[in-house]
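Just below is one structure, and these are the notes that go with it.
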Amino acid sequence: MVRQAQAGIRAQESSRPDWHRLERSAILVVDDDPGVRDTVSRCLQIDGYEVCGAANLGEARQHLESRDIFLVLTDITLEGGESGLDLLDELQAQRSSMPIIMMTANSELTSAVEALKKGAYDYLCKPFPFEAVRAAVRRVVDHLRAVERSTLIEELETRKQAEDESLQQFLVSMATVVDAKSRFTALHGARVSELCRLLGEALGYDSERTELVALGGRLHDIGKIGTPDAILDKPGPLTREEYAVIQEHPAIGDDLIAPIKVLSHLRPMIRSHHESLDGKGYPDAMPGDQVPEEAWVVKVADYWEAITARRPYRNPMPLEKAVACLRGEAGIRIPEDFVEVFLAAIPGAPIALPSGAA
Ligand SMILES: [Fe+2]
Ligand SMILES: [Fe+2]
């Protein structure tokens, strides 16, 4: 049997497995028959694996303590009174993820079944051709690689999520800096964000979509990073030229976000929150029926915050007048249903009267 196996191995030496990540680990072969132990070891070495052999559990333990082992092949009956099943028990208790392949004689099939029930990965029935060993080891390596791959993917996803979160945090900080460019808009983004969340909930959005519009509200004016402070903080009406500069901010914000693929779903809110139902908005003068829904959410929240907060050129609008003012936009510059859902949602909400309106 051994000679047959060796002949088979020589014939296949040219097709060694392509594996790298486990290359510094070894396979432990435990068998008190030196002929089987050496043959199996030699065959696996030819296939490119590091192998160490043990005749009993004492030697096996020494290898396990001193070497990096990724797989154990063990005979069931061993010299010295201890068996491969004892080794299986020990490894299950100490290294439950270690794959173990039992090598059994025909007369030990009941023990092999018992070993599988206890968690052995596989068993080989003696006498076995080397192809059977090769296939069993290959299955283990494939399994370990699959585990390694999924662990790696999990790690990458966790890392990517952390990166996305820190990028998002950076943009929120940037939006805070933008709002702080004017003493009158210091809390504008934060308030618009809360109003967007309120409207999203009132519109029946699920939590993910609600948080999306809240973040869109937080970042909607990020393009004002390119607007001169003197214009943002001007204590009086803007000139036509100054207003034209202000109107650049949605496109600037969109350009800023565009390279960040993970935030692409925010772009419609940043770019289109000044579009209008009558098609006379900016920056794209988009027909009203083409304006993305989330942009309407931000527009309503933005409009409300702007009229109820203090501005350089006017005091905050009283609540009743603000309601009338927003209703005046309904059906002309903002779809009526967004206006009405918003107005129905704000009574009782603390955000309905921002501190600047007091
Ligand atoms: Fe804006
Ligand atoms: Fe705004």
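In our numbering, the protein residues as written are 28 to 385. Where is the CB? At the ideal position from N, CA and C, for every residue including glycine.
For residue i, list the residues DSSP reports as bridge partners.
| i | result |
| --- | --- |
| Y150 | M129 |
| I287 | None, per the DSSP bridge assignment. |
| R338 | R341 |
| L100 | V56, I128 |
| A81 | V57 |
| S110 | T104 |
So what's residue i in DSSP terms, helix, strand or just coil?
| i | result |
| --- | --- |
| L304 | coil |
| E94 | Rather than Glu, the amino acid found at residue 94 in this sequence is Arg. Correct three-state label for R94: coil. |
| I361 | strand |
| A87 | helix |
| K348 | helix |
| G315 | helix |
| A120 | helix |
| Y295 | For the sequence presented, residue 295 should be read as Pro rather than Tyr. Correct three-state label for P295: helix. |
| E238 | helix |
| G250 | helix |
| R161 | helix |
| E275 | coil |
| R210 | coil |
| I258 | helix |
| L225 | helix |
| F155 | coil |
| I73 | helix |
| I180 | helix |
| D169 | helix |
| L230 | coil |
| G263 | coil |
| Y270 | helix |
| Y330 | helix |
| S220 | helix |
| P44 | For P44, the pLDDT reaches just 39, beneath the cut-off of 50, and the residue's location in the model is therefore unreliable, leaving the point undetermined. |
What's the call for residue i, buried or exposed, on a 16-neighbour Cβ count within 10 Å?
| i | result |
| --- | --- |
| A371 | exposed |
| Y26 | Outside the displayed span of the chain (28 to 385) sits residue 26, for which this structure offers no information. |
| F157 | buried |
| P343 | buried |
| F369 | buried |
| S68 | buried |
| H170 | exposed |
| K307 | exposed |
| V160 | buried |
| V174 | exposed |
| P277 | buried |
| D329 | buried |
| P377 | Only weak support exists for where P377 lies, its pLDDT of 42 falling under 50; the coordinates are left without a value. |
| L100 | buried |
| K187 | exposed |
| G80 | buried |
| V289 | exposed |
| F97 | buried |
| K348 | exposed |
| A312 | exposed |
| G355 | exposed |
| I180 | exposed |
| T178 | exposed |
| S220 | buried |
| E92 | exposed |
| C135 | Note that residue 135 corresponds to Glu in the displayed sequence, not to Cys. E135 is buried by the Cβ-count criterion. |
| G231 | exposed |
| L194 | exposed |
What is the C-beta distance between residue i and residue j, in whole angstroms, given that I count them as a contact (C-beta under 8 Å)?
| i | j | result |
| --- | --- | --- |
| H292 | D248 | With a Cβ gap of about 18 Å, H292 and D248 do not count as contacting. |
| V366 | L353 | 6 Å |
| K208 | L259 | 5 Å |
| E332 | V318 | That pair is no contact at about 19 Å. |
| D59 | E106 | 4 Å |
| G146 | Q119 | 5 Å |
| L151 | I128 | 6 Å |
| G243 | C223 | 6 Å |
| R267 | D281 | About 23 Å separates the two Cβ atoms, so there is no contact after all. |
| L239 | L198 | Going by Cβ atoms, the distance from L239 to L198 rounds to 14 Å, so no, they are not a contact pair. |
Exercise answer, beta-carbon shell around ligand 2 heavy atoms below 5 Å | D248, D329
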